[in-house]
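The opening residue of the sequence shown carries number 1 in full-length UniProt numbering; numbering runs sequentially from there. For each residue, glycine too, the CB sits at the ideal point set by N, CA and C. On a predicted model such as this, the values are computed, not experimentally measured, just so you know. Working notes, beginning with the structure itself.
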Amino acid sequence: MNRTKFTLLVFSLSFIIILSPLLLFAEDGSQLWLRYQSAIHYKAKVTSKEKSPAITIAIRELENSWQGQPIEFNLDKKQKHLKDGYQIKGNNDKITITAQKDVGLLYSAYHLLRLQLTETDRTNLNLEEIPAYDVRILNHWDNLNRTIERGYAGYSLWKWDELPNTLSPRYDAYARANASIGINATVLNNVNATPEILTGAYLAKVKALADVFRPYGVKVYLAVNFSSPKELGGLSDSDPLNPEVSKWWSSKVKEIYSLIPDFGGFLVKANSEGLPGPQDYGRTHADGANMLADALKPYGGIVMWRAFVYNPSNEDRAKQAYSEFTPLDGQFRDNVIIQIKNGPVDFQPREPFSPLFGALRDTQEMVEFQITQEYLGFSNHLVYLSPMFKETLDSDTYSDGEGSTIAKITDGTLRPNKVTAISAVANIGEDTNWCGHHFAQANWYAFGRLAWNHQLTSEQIADEWIKMTFSDNKDFVNPVKDMMLSSRETAVDYMMPLGLHHIFAFGHHYGPEPWGDVPGARPDWMPWYYHNADSTGLGFDRTTSGSNAVSQYFPPLNNIYNDIALCPENLLLWFHHVPWDYRMKDGKTLWDELCYKYDSGVQQVRAYQKLWDRMEPFVDEQRFREVQSKLRIQARDAVWWKDACLLYFQTFSKRPVPYDIERPVHELEDLKKIKLDMKHHN
Ligand code: BDP
């Protein structure tokens, strides 16, 4: 080594030594839950007879961070039952991993690193993991101009201007994060799709992303606009029964597969909220979906056709998807799967499950969740969504008798599905910490983990996420876990308790606007349509004497929901118009109960603030402060929600706010003047 090189080495070493403690503490959330320590003095021994890009990544991850026994990878194509999964067997001396696909070996590497980071015993391993769903997919509502519909973590990750030539390092990091939790698919663009995504120029960009994601087992899908043949192809219409139209789609699909041989398929929002669809030509959703399915079939692609359809009509909005789709049951191709939002209206803080689940007996169904917190305080509020996802998946529809949960209907247990899938609208953007709020990362994580195994508990998922993302000190893990586990119910309490829904500010959906009334706007976008407050009471009558939405549920649920005495109280105002002095189970009147719920939501957020402040010794400075600051916003917003809703509903109930709870600190008239500058339609 010559002198200059030596000086350089000494210089850089001292630089690293001086800075390393700082680097250690500088945490900005960009690493997500993948904060594996590098095994500096140790390089794990990993052997594999087979080679592939996914296996190379798996070996690299383990060599960088695994601090245990030597590992042997085994690819056994005969073990079909493993699907994307794997078996891990091992003792103190050696670990053997078997998978039938290379991506299974990659998933197993992340499994081992998770065990290591959560300090789980790794000396005696004997486990088999098989994913519950074939397609575990994120839906990005990203526009081509890089804004994100309902996105609260900055601009889109996809830098369309720079693609296909420049590849941001975050594309790789994104695919790695997904692979680490078993997510194997992504829809890159907004369901409110523009035809432009299907132009040659954009497909070249999509291909570049697909190439980056492929080694991580993440397949690309696209949302398509039903009018593309007309708007892009110059055809006279986009009628699904017009042979020219299906020819156009077939050749478009061929072009896509020539660029992306493992392309996943299409996601379609049609005849919904003003978007074009087969009904524009007097055709049905089945006609539209099947035409696309036929184009994709030769290549193994699928169509995820959304059931989120409703029109400003006299029929209760909550009933419309069911009315529209049940007559079409059995008419869809076997590579079509109907994508149904968890609730019958729209990702509210709490909804009953959509009655379409189980009602389509001869049609494949999948759930759509929303990870991005459109209706849950954006990226300002700490709301851990796993309990909400599980509430839906564990709901018993009774479609095939007791125990017909949504999980079992959609994962193939009860229905012989050709393809099973589960989806969620992503909360990922360009922000350094990916999701805007450090705790919102937990919702991306939880979706992936549940898509892999819906039997995991919310507690298990929170436990591993906290340990991986922050610290495994139990004095940190336990209180923070309690906060996370209660946070969804807390948000429901300060926003919309007892089954209230959609009383958000018009358009952006951030704050409360139960009084909202935009002249000339669609009634089904107005809060009064949903809360129906009047001098007699509050809530939407969906009983047999009201809109009769209860009849869309299988017995005994239809009767349970229909009967005010049996209806679960957390859905009471969803199904009933309830008198203000109705006696709740705890003996309080509806009005008092409502007041106590709102107050309890506020008190809970205050308790989270106190809890978090005590966690300071366990957390790096930056993440501690950022979460602390978000909790302050959440506490202020909770009071805003409580005052707005109670003062407004009080103008109908004419009853006092119970004297032992905190007094309102705002004037209703002042709250009504708040107009946030956030542009959006409904
Ligand atoms: C609603 C959103 C809207 C979406 C729509 C959808 O407010 O931005 O386009 O759902 O899912 O929740 O299509």
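Please report how far the alpha carbon of residue i lies from the alpha carbon of residue j, in whole angstroms.
i, j, result
"GLU669", "PRO658", "21 Å"
"THR469", "ALA533", "44 Å"
"GLY282", "ASP239", "9 Å"
"ASP599", "PRO519", "32 Å"
"LEU676", "PRO215", "43 Å"
"GLU662", "LYS588", "18 Å"
"ALA318", "ILE183", "30 Å"
"ARG583", "ILE564", "11 Å"
"PRO21", "GLU616", "With a pLDDT of 43 at PRO21, under the threshold of 50, the predicted position of this residue should be treated as unreliable, though the coordinate-derived value follows. Going from the Cα of PRO21 to the Cα of GLU616 covers about 18 Å."
"ARG488", "ARG632", "17 Å"
"LEU594", "SER395", "25 Å"
"ASN242", "PRO229", "11 Å"
"HIS437", "TRP248", "43 Å"
"GLN604", "PRO579", "27 Å"
"VAL245", "ALA491", "47 Å"
"ILE371", "THR420", "20 Å"
"HIS254", "ALA307", "Just to set this straight, residue 254 is Lys in the shown sequence, not His. Going by the C-alpha atoms only, they are around 27 Å apart."
"ARG170", "TYR133", "26 Å"
"residue 685", "ARG606", "The displayed coordinates of the chain run from 1 to 682. Any statement about residue 685 would go beyond what the structure contains."
"LEU24", "TYR42", "The predicted model places LEU24 with a pLDDT of 46, which falls under 50 and marks its position as unreliable; any figure quoted below should be read in that light. Approximately 19 Å between the Cα atoms of the pair."
"GLU667", "ALA153", "32 Å"
"GLY601", "PRO497", "9 Å"
"ALA179", "LEU360", "32 Å"
"PHE119", "ASP294", "The sequence shown places Glu at residue 119, not Phe. Approximately 49 Å between the Cα atoms of the pair."
Measuring only from the beta carbon, is residue i closer than 7 Å to any heavy atom that is part of the ligand BDP?
i, result
"ASP346", "yes"
"GLU324", "no"
"SER547", "no"
"LYS569", "Reading off the sequence, residue 569 comes out as Glu, not Lys. Checking every heavy atom of the ligand BDP against the Cβ of GLU569, none is found closer than 7 Å."
"ARG170", "no"
"SER272", "yes"
"VAL191", "yes"
"PHE308", "yes"
"ARG522", "no"
"LYS269", "yes"
"GLU27", "no"
"GLN374", "Here residue 374 is Glu; the residue named in the question, Gln, does not match the sequence. Yes, the beta carbon of GLU374 sits closer than 7 Å to at least one heavy atom of the ligand BDP."
"GLU149", "yes"
Alpha helix (DSSP H) containing residue i: first to last residue?
i, result
"PHE649", "621-653"
"LEU414", "Per DSSP, LEU414 belongs to no alpha helix (DSSP H) and is neither H nor E."
"LEU296", "285-296"
"VAL253", "243-259"
"LEU485", "474-495"
"GLN460", "458-469"
"LYS673", "668-673"
"SER323", "317-325"
"LEU450", "441-452"
Give the single residue among the options whose Cα lies nearest to the Cα of residue i.
i, options, result
"ALA204", "ILE183, ASN165 and ASN178", "ASN165"
"LEU144", "LEU115, ALA132 and VAL191", "VAL191"
"GLY403", "GLY358, PRO387 and GLU374", "GLY358"
"PRO465", "GLN455, MET483 and GLN441", "Note that residue 465 is Trp in the sequence shown, not Pro. Ranking GLN455, MET483 and GLN441 by Cα distance to TRP465 puts GLN441 first."
"TRP298", "ILE256, THR98 and PHE378", "According to the sequence as given, residue 298 is Pro; it is not Trp. Comparing Cα positions, the closest option is ILE256."
"MET483", "ASP613, PHE378 and GLY499", "ASP613"
"HIS577", "ASP262, LEU115 and TYR530", "TYR530"
"VAL206", "LEU167, GLU374, LEU113 and PHE540", "LEU167"
"TYR472", "VAL619, LEU566, ASP316 and ARG655", "For the sequence presented, residue 472 should be read as Asp rather than Tyr. Comparing Cα-Cα distances from ASP472 to each of VAL619, LEU566, ASP316 and ARG655, the minimum goes to VAL619."
"GLN373", "TRP515, ILE148, ILE406 and PHE624", "ILE148"
"GLY85", "ALA638, ASN91, LEU106 and GLN67", "LEU106"
Along the beta strand (DSSP E) that carries residue i, what are the first and last residues, could you check?
i, result
"TRP305", "302-306"
"ARG136", "135-139"
"PHE266", "265-268"
"ILE338", "336-341"
Under 7 Å from any heavy atom of the ligand PLP, does the C-beta of residue i make it?
i, result
"TYR36", "The ligand PLP is not among the ligands present in this structure, which contains only the ligand BDP."
Could I get the ranges of all uninterrupted alpha helix (DSSP H) runs contained in the region 545-610, with 4 residues as the minimum, in chain order? 557-562 and 572-575
Report the residue ranges of all beta strand (DSSP E) runs contained in full by the region 79-123; include only those spanning at least 3 residues, in chain order. 86-90 and 95-99
Please list the segments of the beta strand (DSSP E) lying wholly inside the region 365-407, counting only runs of 3 or more residues, in order along the chain. 365-370
What runs of the beta strand (DSSP E), each 3 residues or longer, lie entirely inside the region 203-243? Taking only runs of at least 3 residues, the beta strand (DSSP E) segments lying wholly in the region 203-243 are 219-224.
List, from N- to C-terminal side, the beta strand (DSSP E) runs of 3 residues or more that fit wholly inside the region 22-71. 46-48
Counting only runs that start and end within the region 122-195, where is the beta strand (DSSP E) found for 3 or more residues in a row? Runs found: 125-129, 135-139 and 185-187.
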